[in-house]
Each structure stands twice: as structure tokens, then as C-alpha cells.
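In the UniProt record's numbering, the protein residues as written are 1 to 201. Glycine residues also receive a C-beta, built at the ideal position from the N, C-alpha and C atoms. Step one of this worksheet: look at the structure below.
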């Protein structure tokens with residue numbers, strides 16, 4: 001018998017991500033992943049007990065990719081925008097640019113233990129407290145309401161029904177922020193960039 005090609009666990013997960021990106025979650029199976037790797041299915045079952053285990057690893061990788069995309073957005077706008085609005089923009093851009101990964105995590109995923117948590121929840125709550133001076137319990141409720149708005153934009157972007165420029169998207173988040181201020185009260189402080197520039201959030 002020919003020797004089984006050595007394929008690492010990371011390579012298998014990478015291949016599964018590519019299958020997901022190309023063809024969606026329904027295409028994830030041992031044969032499609034093996035074809036992407038250019039090998040038989042044997043290496044997959046050497047590294048993973050079954051497809052559920054591989055799908056769980058795929059879910060974790062998708063979460064990591066999503067988290068990194070949001071963190072990149074936070075860093076990209078640091079000093080020139082609210083970190084909190086940058087979080088929302090990163091979320092929507094991920095939905096638009098990584099359509100299948102977003103659907104896997106939030107819309108159609110059939111992975112074991114569907115992922116339903118907000119990315120970077122505690123970090124984002126901390127940003128609201130730090131940037132705007134809200135108490136943590138208020139920040140949590142404020143963010144929960146903002147999530148409904150953000151998910152709506154993300155789903156529209158994911159399904160190609162949202163066509164906003166970056167400036168228009170940022171302004172949409174600012175309008176929603178102002179609407180929520182009417183409910184939760186004026187923030188005790190504004191980000192330093194907003195104070196200097198006289199930006200109305």
C-alpha cells in the first residue's frame with residue numbers, strides 16, 4: 001500500500017475553511033476537504049475522530065478569523081474614530097467580505113453547538129465604559145440594543161442588500177448611537193478625537 005500523505009491538523013482545518021468559503025457549509029465533508037488537500041480521506045480521520053470534531057475545529061477557526069477582523073477594525077480607526085463604532089463596522093465588513101464564514105457562525109451553521117455569542121463581548125463592554133463613561137450594567141444594555149441594529153446591517157451586507165460607503169456606514173452607526181443616547185442618557189464623556197474635532201456621535 002502507498003504511504004499515507006502526512007497532513008497536519010492545521011492544514012486540514014485550513015482546507016475546510018477554503019471549502020466553506022468556496023461552497024458553503026453544506027459542502028463540508030471528508031471528501032471535499034481531502035480533495036482540497038489533494039490527498040485521500042485517511043489523513044483527516046487520523047487527525048479527527050469524525051466530521052463533527054473537524055466541524056467544531058472549523059467553527060473555532062471561523063471565530064478566530066472573525067475576532068481578528070474586528071480587532072483589525074478597532075486598530076485601523078484608533079485615534080480617528082470611536083473604537084465602539086469601529087467594532088460595528090468591522091462586524092458588518094466581515095459579514096460582507098466573508099459571507100460563508102458569517103453564515104456558518106450566525107445564520108445557517110449546522111456545526112455542533114452553534115455559535116451564538118457576540119464576538120469580543122467583554123472587550124466591547126469595556127470600550128463603552130472607557131470611552132463614554134457609562135456604568136457597566138448600562139453599557140451592557142446599550143450594547144445589546146446596538147447588536148440588534150448591527151446584526152441587521154450585517155445580514156443586509158451578507159446578502160448583498162446593503163450598499164453604503166464607509167463614510168455612510170459610519171454615519172449610520174452614529175445616528176443609532178444618538179438614538180440610544182435618548183434612551184440611556186447622555187454619556188459622561190466622549191472619545192478624545194470627538195472632543196477635539198467637535199464630532200457629534
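Top-ranked residue by Cα proximity to residue i, from the options
i, options, result
"residue 188", "7, 27, 136 and 29", "136"
"residue 36", "20, 47, 26 and 46", "20"
"residue 108", "76, 27, 74 and 48", "27"
"residue 29", "8, 47, 10 and 55", "55"
"residue 173", "156, 163 and 146", "146"
"residue 152", "74, 95 and 84", "95"
"residue 60", "141, 161 and 101", "101"
"residue 73", "57, 90, 63 and 62", "90"
"residue 181", "170, 18 and 141", "141"
"residue 106", "44, 158 and 175", "158"
"residue 52", "186, 175, 13 and 124", "13"
"residue 139", "184, 98 and 169", "184"
"residue 215", "6, 186, 38 and 121", "This structure gives no information on residue 215, because the portion of the chain shown stretches from 1 to 201."
"residue 57", "42, 39, 16 and 40", "16"
"residue 10", "33, 97, 148 and 75", "33"
"residue 93", "7, 160 and 186", "160"
"residue 6", "179, 144, 18 and 41", "41"
"residue 103", "24, 18 and 64", "24"
"residue 48", "22, 176, 8 and 156", "8"
CB contact check: residue i to chain C, cutoff 8 angstroms
i, result
"residue 87", "Looking for chain C here will not work: only one protein chain is present."
Start and end residues, alpha helix (DSSP H) containing residue i
i, result
"residue 90", "83-97"
"residue 189", "Counting along the chain, residue 189 falls outside any alpha helix (DSSP H), and DSSP gives it neither H nor E."
"residue 6", "Neither: residue 6 is in no alpha helix (DSSP H) and is coded neither H nor E."
"residue 162", "Where residue 162 is concerned, there is no enclosing alpha helix (DSSP H), given that its DSSP letter is neither H nor E."
Q: Ignoring anything shorter than 4 residues or poking outside the region 126-158, list the alpha helix (DSSP H) runs there in chain order.
A: 136-158
Residue ranges of each alpha helix (DSSP H) run of no fewer than 4 residues wholly in the region 34-72, ordered along the chain? 42-47
Discussion item. With three or more C-beta pairs closer than 8 angstroms as the rule, is the region 126-140 touching the region 62-72?
Written reply: Touching, no, given that fewer than three Cβ pairs across the two stretches are closer than 8 angstroms.
Does the region 119-128 come close enough to the region 83-90 to have 3 or more Cβ pairs within less than 8 angstroms?
yes
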